[in-house]
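S.K.: The sequence shown lines up with residues 589 to 775 when you count with the working numbering. Don't be surprised by glycine CBs; every beta carbon is placed ideally from N, CA and C. First, the structure itself, so that you have it in front of you.
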Amino acid sequence: MPKHLPTHLNPRSPLVLDTRELPRRPGVLRAVNRTVAAPADLGVELIGVPEGADLNLDLRLESVSEGVLVSGTVTGPIEGECGRCLRPITDSLVVPIQELYAYEHSTTDETTDEDEVGRMQGDLIDLEPALRDAVVLALPTNPVCREDCPGLCPECGVHWDELPAEHSHQQVDPRWAGLSQLTRQEE
Ligand SMILES: [Zn+2]
Ligand SMILES: [Zn+2]
C-alpha cells in the first residue's frame with residue numbers, strides 16, 4: 589500500500605481542518621469551534637447521531653514538534669431505539685476527542701503505522717475517522733430506554749410496563765389438563 593495517498597481533502601469540507609493559519613512552531617495553539625452537519629452513518633446499529641444533525645466541534649489545535657495535536661469535545665444529539673423494548677431513545681452525547689496528526693515526511697510519519705498516528709495531507713487534517721472512532725466508542729453497545737427497562741413479554745410482545753403483574757402465558761401441562769378433567773368428572 590502506498591504510504592502517501594493523493595490528497596483528496598476539500599479544505600471547505602466541514603470535517604477538514606485547515607492548519608495554514610497555525611504556525612509550525614511547537615506550543616502554538618488555535619481554537620476551532622464550529623457546528624457541522626453530522627455525516628451519514630455516524631453510530632452503531634441501534635443508536636447514533638442522525639444524519640444532518642448539528643454536531644458541535646469545540647477543538648484545540650496545537651503545534652507539536654512533528655505535527656498537530658487535535659483535542660477537544662464533540663457534542664451532538666443521538667437517536668436510537670431501546671435494545672429491550674424498541675422504544676425510541678433520544679439523548680445527547682459529549683465525546684472527548686484527541687488525535688495526533690503527523691506532518692507529511694516527518695520522522696513520525698515515516699516511522700509509525702497509519703493506524704497509530706493520523707496523517708496530515710499538506711496543511712489539511714481529515715477529522716472524520718477520529719470523529720467516527722470517538723463517537724462509536726462513546727455509544728452504548730446495548731442502548732436501553734431506561735436502566736431497568738423490563739423489555740417485552742416474549743410470548744405476546746407487549747411491554748411489561750403495560751401488562752398486569754400477574755401476566756403470564758403459562759399453559760397447563762396437557763397431562764395435568766387430562767388429570768384435572770378427570771377430577772372434574774369425579775366431582
Ligand atoms: Zn426499553
Ligand atoms: Zn405476554
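Assuming Glu716 and Leu603 are in contact, meaning their beta carbons sit under 8 Å apart, how far apart are those beta carbons, in whole angstroms?
M.R.: Confirmed, Cβ separation roughly 4 Å.
S.K.: Please determine, among Thr700, Gly710 and Leu674, the residue with the shortest C-alpha to C-alpha distance to Arg734.
M.R.: Residue Leu674 is the option with its Cα nearest to Arg734.
S.K.: Jot down the residue ranges of each uninterrupted beta strand (DSSP E) in the stretch 650-710, minimum 3 residues, whole runs only, in chain order.
M.R.: Qualifying beta strand (DSSP E) stretches, in chain order: 655-669 and 676-690.
S.K.: Which residue's Cα is closest to the Cα of Ala625: Thr607, Leu617, Leu712 and Gly664?
M.R.: It is Gly664.
S.K.: For the stretch 609-641, list the alpha helix (DSSP H) runs that are entirely contained and at least 4 residues long, ordered along the chain.
M.R.: None, since the stretch 609-641 contains no complete alpha helix (DSSP H) of that length.
S.K.: Output the boundary residues of the beta strand (DSSP E) element that contains Leu605.
M.R.: Val604 to Asp606 is the span of the beta strand (DSSP E), which, as asked, contains Leu605.
S.K.: At a Cβ threshold of 8 Å, is Arg613 touching chain C?
M.R.: Annotation note: the requested chain C is absent from the structure, which comprises a single protein chain.
S.K.: Using a Cβ-based criterion (distance less than 7 Å to any ligand heavy atom), does Cys673 qualify as near ligand 1?
M.R.: Yes, the Cβ of Cys673 comes within 7 Å of a heavy atom of ligand 1.
S.K.: State the Cα-Cα distance for the pair Gly671 and Ile677, rounded to the nearest angstrom.
M.R.: Answer to the nearest angstrom: the Cα atoms are 10 Å apart.
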